[in-house]
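Engineer: Numbering (this note's numbering), first residue to last: 52 to 775.
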Amino acid sequence: MELGRTVSVLLPLAVDGPYTYKVPAGMELSPGDIVRVPLGPREMIGAVWDDPVDPSVGHNRLRAILHHYDSPPLDETLRRFVDWVANYTLSQRGMVLRMVLRAPDALEPERAVAALRLAGREPDRMTAARQRVLDALAGGEPMPKTAVAGFAAVSSSVVNGLVEQGVLEAVMLPPPPLTLPPEPDFARPTFDPGQDDAAKLLRASVDEGAFSVTLIDGITGSGKTEVYFEALAETLRLGKQALVLLPEIALTVDFLDRFARRFGHRPAEWHSEMPPRMRERVWRGVATGAVQAVVGARSALFLPFQKLGLVVVDEEHDTAYKQEEGVIYNARDMAVVRGHIGGFPVVLASATPSIESRVNADQGRYRRLVLSARYAAAKLPEIKPIDLRIDPPERGHFLAPSLIQAIEETIANKGQALLFLNRRGYAPLTLCRSCGHRFQCPNCSTWLVDHRFRGQLVCHHCGHHERRPDQCPVCDAEDSLVACGPGVERVAEEVATRFPDARRIVLSSDLLGGVKKMREEFDAIRRGAADIIIGTQLVAKGHNFPLLALVGVVDADLGLAHGDPRAAERTFQLLAQVTGRAGRAGGESRALLQTYAPEHPVIAAIASGDREAFYAREIEARRIAVLPPFGRLAGIIISAADRATSYGYAMALRRSAPESGPVMVLGPSEAPLAVLRGRHRFRLLVQAPRSVDLQAFLRQWLAEAPPVRGSLRVQVDIDPQSFL
Numbered sequence: 052m053e054l055g056r057t058v059s060v061l062l063p064l065a066v067d068g069p070y071t072y073k074v075p076a077g078m079e080l081s082p083g084d085i086v087r088v089p090l091g092p093r094e095m096i097g098a099v100w101d102d103p104v105d106p107s108v109g110h111n112r113l114r115a116i117l118h119h120y121d122s123p124p125l126d127e128t129l130r131r132f133v134d135w136v137a138n139y140t141l142s143q144r145g146m147v148l149r150m151v152l153r154a155p156d157a158l159e160p161e162r163a164v165a166a167l168r169l170a171g172r173e174p175d176r177m178t179a180a181r182q183r184v185l186d187a188l189a190g191g192e193p194m195p196k197t198a199v200a201g202f203a204a205v206s207s208s209v210v211n212g213l214v215e216q217g218v219l220e221a222v223m224l225p226p227p228p229l230t231l232p233p234e235p236d237f238a239r240p241t242f243d244p245g246q247d248d249a250a251k252l253l254r255a256s257v258d259e260g261a262f263s264v265t266l267i268d269g270i271t272g273s274g275k276t277e278v279y280f281e282a283l284a285e286t287l288r289l290g291k292q293a294l295v296l297l298p299e300i301a302l303t304v305d306f307l308d309r310f311a312r313r314f315g316h317r318p319a320e321w322h323s324e325m326p327p328r329m330r331e332r333v334w335r336g337v338a339t340g341a342v343q344a345v346v347g348a349r350s351a352l353f354l355p356f357q358k359l360g361l362v363v364v365d366e367e368h369d370t371a372y373k374q375e376e377g378v379i380y381n382a383r384d385m386a387v388v389r390g391h392i393g394g395f396p397v398v399l400a401s402a403t404p405s406i407e408s409r410v411n412a413d414q415g416r417y418r419r420l421v422l423s424a425r426y427a428a429a430k431l432p433e434i435k436p437i438d439l440r441i442d443p444p445e446r447g448h449f450l451a452p453s454l455i456q457a458i459e460e461t462i463a464n465k466g467q468a469l470l471f472l473n474r475r476g477y478a479p480l481t482l483c484r485s486c487g488h489r490f491q492c493p494n495c496s497t498w499l500v501d502h503r504f505r506g507q508l509v510c511h512h513c514g515h516h517e518r519r520p521d522q523c524p525v526c527d528a529e530d531s532l533v534a535c536g537p538g539v540e541r542v543a544e545e546v547a548t549r550f551p552d553a554r555r556i557v558l559s560s561d562l563l564g565g566v567k568k569m570r571e572e573f574d575a576i577r578r579g580a581a582d583i584i585i586g587t588q589l590v591a592k593g594h595n596f597p598l599l600a601l602v603g604v605v606d607a608d609l610g611l612a613h614g615d616p617r618a619a620e621r622t623f624q625l626l627a628q629v630t631g632r633a634g635r636a637g638g639e640s641r642a643l644l645q646t647y648a649p650e651h652p653v654i655a656a657i658a659s660g661d662r663e664a665f666y667a668r669e670i671e672a673r674r675i676a677v678l679p680p681f682g683r684l685a686g687i688i689i690s691a692a693d694r695a696t697s698y699g700y701a702m703a704l705r706r707s708a709p710e711s712g713p714v715m716v717l718g719p720s721e722a723p724l725a726v727l728r729g730r731h732r733f734r735l736l737v738q739a740p741r742s743v744d745l746q747a748f749l750r751q752w753l754a755e756a757p758p759v760r761g762s763l764r765v766q767v768d769i770d771p772q773s774f775l
């Protein structure tokens, strides 16, 4: 690249390569600099990239760069990371760059804050209100007008009057810091010997300043967070930045409080619920190095850190780390890649590690730290299955008599009970008992879920919703609509009937009020303002409910009865996580699993506490089937506006697959979700040994495939987590 003449600029578009631009006289540019350039009739923000310029384009045909932003450049490790992610996921580099440049207003300097201070003059007439304003500013520190009015308990007109008389004068102040620097030694914890050894090893890995991956494999309540906080503290002592990834936004507030108790101040946040202005401030603070610690969702991995020294992936097994739209990637795996490129340690933490991480640890690629005891007075719950073949619920109900009795005993002892069912809404299916009509989504091949609290039938895939009718729309029969199966709302209805005096809270991601309401509910539970909690998988992730003494799993078999190769692993993880919510603050606790198959290996492993037996069995099954991590998978999803087009292209694509002995192409077959958001879907699955360059195979295949036209869309999913 010839500086001062022409440069390559990568733009956040669905393109794989950069464009070549002229550099105006007097403008100096280097790779990573952020610029604004013309593209057709519009202007776009992009980044100077490392690719050589295209020599085939004549210099006189090139357009010039319009503006060079006074913002820290994207460093080499981030640019290499963008290239690596694009290459691995078979995505366009421009689309990966879009995830980096997602706060364009952050490139401009932050605006100064208008404030007021005393100008040295006296008002023409002194009043009590005016005196309070003068007293508020007597210390000499300027304050924003709203702060002055609030502090002095006066209206803004009083303040404005003093400004007009020249008693107060306006000044511009630099914006306040987004966060205060965390203090590594603010409140160092006291560890038991096992935790202390793990903390020392993590601190040592940070001090080494080299790439490593450590898996903290600790049972629920074993203090994993406090242990990896020690790695974070050491990173801060060295003057580097740290990133902690969490799988759910709902976990953030509790985590921020724990962080503040340990380090004195909260970290910066990064997730989709943040207002744009705050996102801009975080992006800018990360790029300049002013923000030292960030807690965020998976997209935080693409922030332009100036001196990133540690990434922690909490609940590393969680499927929420897989991005299923746009650039399809797994943030856990990409965190490891970013650590490798940047030469810094990565910490993965989970009470139920993924099979992939466990095998990597067993084979020596990761270091595994085991925390096998609960912290302080906390005790593991006693876990028992309830065989529904022997102890069934009453007809039309969903709680077995022994579970009802356990709830009564728990409430009587001033404890909390959690009823877990991983199914939102009131019922997964509504039908007419007169004509058999079933309510189906008009855009997807799924049933509409009855949400009785909202009076709506809802599709959980495309968001379609309609009012729940009073009569059948097909046969006009009244009072004929029947809810089939339970959701959390229906369980809550049964709880209200059986325990009318108990205080109840329902927790589900789609209940009214959004994230703010959800956080208030979590707070109420921690304060003891609820006796019975009814929740979906939302309650299984990282929450600490001190009074929780009973967990009842309403349907422990849910998730085991379909062909997903990860079904057993996911069910085991979910059940282990939710039962682990009990007994975290000490005292006796128990968990009851309602099941029709207590002998199933997953149920038996949870009930017996023999997690090692489950991992050994599941790992061996994966090895025999050459499934990840012992083999490689890629999903190819073909979709179109009509079924014939989608199926025809899927067949043509299958016929164009290169001949390769070790690579097996399965399909095409109709996807389990055959229609999604109005698009008809077929799937191909590619299976290969680990030694095969799967990306090279797919690139060759897609390059030789028939062209994609019209409504057709082809999506490649490397290392698929979902098979729907």
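All C-beta atoms in this analysis are idealised placements derived from N, C-alpha and C, irrespective of residue type, glycine included.
Looking only at its chain, what residues have a beta carbon closer than 6 Å to the beta carbon of Leu80, apart from the 5 residues adjacent to it on each side?
Structural biologist: One-based indexing of the sequence shown puts residue 80 at position 29. Counting only Cβ-Cβ distances below 6 Å, and skipping sequence neighbours, we find Val58, Val74, Val99.
Engineer: Report all residues from its chain with a CB closer than 8 Å to the CB of Ser423; omit the five preceding and five following residues, and keep chain order.
Structural biologist: Reading the sequence shown from its first residue, position 372 is the one you call residue 423. Once the five neighbours on either side are set aside, the close Cβ partners of Ser423 are Gly245, Gly269, Ile270, Ser273.
Engineer: Identify the residues that DSSP records as bridge partners of Ala568: which are they?
Structural biologist: Here residue 568 refers to the residue found at position 517 of the sequence shown. The question names Ala, yet the displayed sequence has Lys at residue 568. Note: Lys568 sits in no beta bridge, so no partner.
Engineer: Thinking just about the alpha-carbon of each residue, which of Gly190, Ser208, Ala189 is nearest to the one in Pro197?
Structural biologist: Locating residue 197 in the sequence shown gives position 146, where the first residue counts as 1. Before going on, a small fix: residue 197 reads as Thr here, not Pro. The shortest Cα separation from Thr197 among Gly190, Ser208, Ala189 belongs to Ser208.
Engineer: Would you identify the three-state DSSP class for Ser408, choosing helix, strand or coil?
Structural biologist: For the purposes of this step, residue 408 is taken as residue 357 along the sequence shown, with counting starting at 1. DSSP places Ser408 in helix when its eight states are reduced to three.
Engineer: Would you be able to state if there are at least three C-beta pairs under 8 Å between the segment 165-179 and the segment 393-411?
Structural biologist: Verdict: no, contact absent.
Engineer: For Gly777, which option in Lys251, Thr128, His322 has the closest C-alpha, if you only look at C-alpha atoms?
Structural biologist: The structure shown does not extend to residue 777, since the chain is modelled only from 52 to 775, so the question has no answer here.
Engineer: Can you name the start and end residues of the beta strand (DSSP E) that Glu94 belongs to?
Structural biologist: By one-based count along the sequence shown, residue 94 stands at place 43. 93-99 is the extent of the beta strand (DSSP E) around Glu94.
Engineer: With a 10 Å radius around its C-beta and 16 neighbouring C-beta atoms as the bar for buried, classify Leu472 as buried or exposed.
Structural biologist: Your numbering for residue 472 matches position 421 in the sequence shown. Answer is buried; the Cβ neighbour count reaches 16.
Engineer: Please name the residue, chosen from Leu297, Cys492, Pro723, Ser707, that lies closest to His594 on a Cα-to-Cα basis.
Structural biologist: As a working note, residue 594 is residue 543 in the sequence shown. Per the Cα distances, Leu297.
Engineer: Looking only at DSSP bridge pairs, what is Ser59 linked to?
Structural biologist: In the sequence shown, the residue the question calls residue 59 occupies position 8. Paired residues: Thr71.
Engineer: Assuming Arg555 and Ala543 are in contact, meaning their beta carbons sit under 8 Å apart, how far apart are those beta carbons, in whole angstroms?
Structural biologist: The residue given as residue 555 occupies position 504 in the sequence shown. The residue given as residue 543 occupies position 492 in the sequence shown. Confirmed, Cβ separation roughly 6 Å.
Engineer: Measuring alpha carbon to alpha carbon, tell me which residue in Asp156, Pro82, Arg149 is nearest Asp126.
Structural biologist: If you number the sequence shown from 1, residue 126 lands on position 75. The shortest Cα separation from Asp126 among Asp156, Pro82, Arg149 belongs to Pro82.
Engineer: Based on the DSSP output, what are the partners of Asn381 in its beta bridges?
Structural biologist: Your numbering for residue 381 matches position 330 in the sequence shown. According to DSSP, Asn381 bridges with Lys373.
Engineer: By Cβ distance, which residues of its chain are closer than 7 Å to Pro616, with the 5 residues on each side in sequence left out?
Structural biologist: Indexing the sequence shown from 1 puts residue 616 at position 565. Here the set comprises Leu678.
Engineer: Is it true that the segment 130-145 meets the segment 112-119, where meeting means three or more beta-carbon pairs spaced less than 8 Å apart?
Structural biologist: In short, these stretches do not touch, since the Cβ pair count stays below three.
Engineer: Using 8 Å for Cβ pairs, my map puts Ala468 next to Thr461. What's the rounded Cβ distance?
Structural biologist: For this step, residue 468 is matched to residue 417 along the sequence shown. For this step, residue 461 is matched to residue 410 along the sequence shown. Rounded, the Cβ-Cβ distance is 5 Å, consistent with contact.
Engineer: Just the C-alpha distance for Arg330 and Asp661, rounded to the nearest angstrom, thanks.
Structural biologist: As a position in the sequence shown, residue 330 is number 279, starting the count at 1. As a position in the sequence shown, residue 661 is number 610, starting the count at 1. Their Cα atoms are separated by approximately 44 Å.
Engineer: My output table needs one value for Pro244: the three-state DSSP class, helix, strand or coil.
Structural biologist: The residue labelled residue 244 in the question sits at position 193 within the sequence shown. Three-state result, Pro244: helix.
Engineer: Which runs of the beta strand (DSSP E), 3 residues or longer, sit entirely within the segment 424-499?
Structural biologist: Runs of the beta strand (DSSP E) inside the segment 424-499: 433-438, 467-471, 480-483.
Engineer: Alpha carbon to alpha carbon, what distance is there between Pro396 and Asp252?
Structural biologist: By 1-based counting over the sequence shown, the position of residue 252 is 201. By 1-based counting over the sequence shown, the position of residue 396 is 345. According to the sequence shown, residue 252 is Leu rather than Asp. Rounded to the nearest angstrom, the two C-alpha atoms are 12 Å apart.
Engineer: Please give me, in chain order, every unbroken run of the alpha helix (DSSP H) with length at least 4 that falls completely inside the segment 297-322.
Structural biologist: Those alpha helix (DSSP H) runs which fall completely within the segment 297-322 and span 4+ residues are 303-314.
Engineer: Compute the beta-carbon to beta-carbon distance between Ser707 and Ala756, rounded to the nearest angstrom, for a pair I have assumed lies under 8 Å.
Structural biologist: Residue numbering aside, residue 707 sits at position 656 when the sequence shown is read from its first letter. Residue numbering aside, residue 756 sits at position 705 when the sequence shown is read from its first letter. Yes, Ser707 and Ala756 are in contact; Cβ-Cβ is about 5 Å, under 8 Å.
Engineer: Keeping to the same chain, check which residues put their C-beta closer than 7 Å to that of Arg425; ignore five residues upstream and five downstream.
Structural biologist: Translated into positions along the sequence shown, residue 425 becomes position 374. Ile270, Gly272, Ser273, Leu431.
Engineer: Go to Gly212, then tell me how far its alpha helix (DSSP H) extends in each direction, as first and last residue.
Structural biologist: Within the sequence shown, numbered from 1, the residue matching residue 212 stands at position 161. Counting along the chain, the alpha helix (DSSP H) containing Gly212 begins and ends at 207-215.
Engineer: Output yes or no for whether 7 Å exceeds the beta carbon distance between Leu745 and Ala754.
Structural biologist: Here the question's residue 745 lines up with position 694 in the sequence shown. Here the question's residue 754 lines up with position 703 in the sequence shown. Cβ atoms of Leu745 and Ala754: not closer than 7 Å.
Engineer: Which runs of the beta strand (DSSP E), 3 residues or longer, sit entirely within the segment 567-608?
Structural biologist: Counting whole runs of 3 or more residues, the segment 567-608 contains the beta strand (DSSP E) stretches 583-586, 599-604.
Engineer: Checking 7 Å against the spacing of the C-beta atoms, do Leu158 and Ser122 come in under that value?
Structural biologist: Mapped onto the sequence shown, residue 158 falls at position 107. Mapped onto the sequence shown, residue 122 falls at position 71. It is a contact, given that the beta carbons lie within the stated cut-off.
Engineer: Roughly how far, in whole angstroms, is the beta-carbon of Val257 from the beta-carbon of Leu289, given that I think they are within contact range, below 8 Å?
Structural biologist: What you label residue 257 is simply residue 206 of the sequence shown in a count that begins at 1. What you label residue 289 is simply residue 238 of the sequence shown in a count that begins at 1. Indeed they touch by this definition, with Cβ atoms about 7 Å apart.
Engineer: Can you list, in chain order, the stretches of the alpha helix (DSSP H) that have 4 or more residues and sit fully within the segment 261-301?
Structural biologist: Listed in chain order, they are 275-288.
Engineer: Considering only the alpha carbon of each residue, which of Arg176, Ala200, Asp175 lies closest to Ala776?
Structural biologist: With the chain covering 52 to 775 only, the question about residue 776 has no answer from this structure.
Engineer: Which class does Ala203 belong to by DSSP, given the choice of helix, strand or coil?
Structural biologist: Position 152 of the sequence shown holds residue 203. Helix, per DSSP.
Engineer: Kindly identify the DSSP beta-bridge partner or partners of Leu532.
Structural biologist: Stepping through the sequence shown from its first residue, residue 532 is reached at position 481. According to DSSP, which records beta bridges pairwise, Leu532 is partnered with Cys483.
Engineer: For Val767 versus Ile670, is the C-beta spacing smaller than 7 Å?
Structural biologist: Translated into the one-based positions of the sequence shown, residue 767 becomes position 716. Translated into the one-based positions of the sequence shown, residue 670 becomes position 619. No, these two residues do not count as a Cβ contact at 7 Å.
Engineer: Could you tell me the distance, in whole angstroms, from the CA atom of Arg518 to the CA atom of Phe623?
Structural biologist: As a first step, residue 518 is located in the sequence shown; it is residue number 467 there, counting from the start. As a first step, residue 623 is located in the sequence shown; it is residue number 572 there, counting from the start. Distance between the alpha carbons of Arg518 and Phe623 is about 36 Å.
Engineer: Would you kindly report the start and end of the unbroken alpha helix (DSSP H) that includes Phe665?
Structural biologist: Along the sequence shown, read from residue 1 onward, the residue named residue 665 stands at position 614. Note, Phe665: alpha helix (DSSP H), 662-676.
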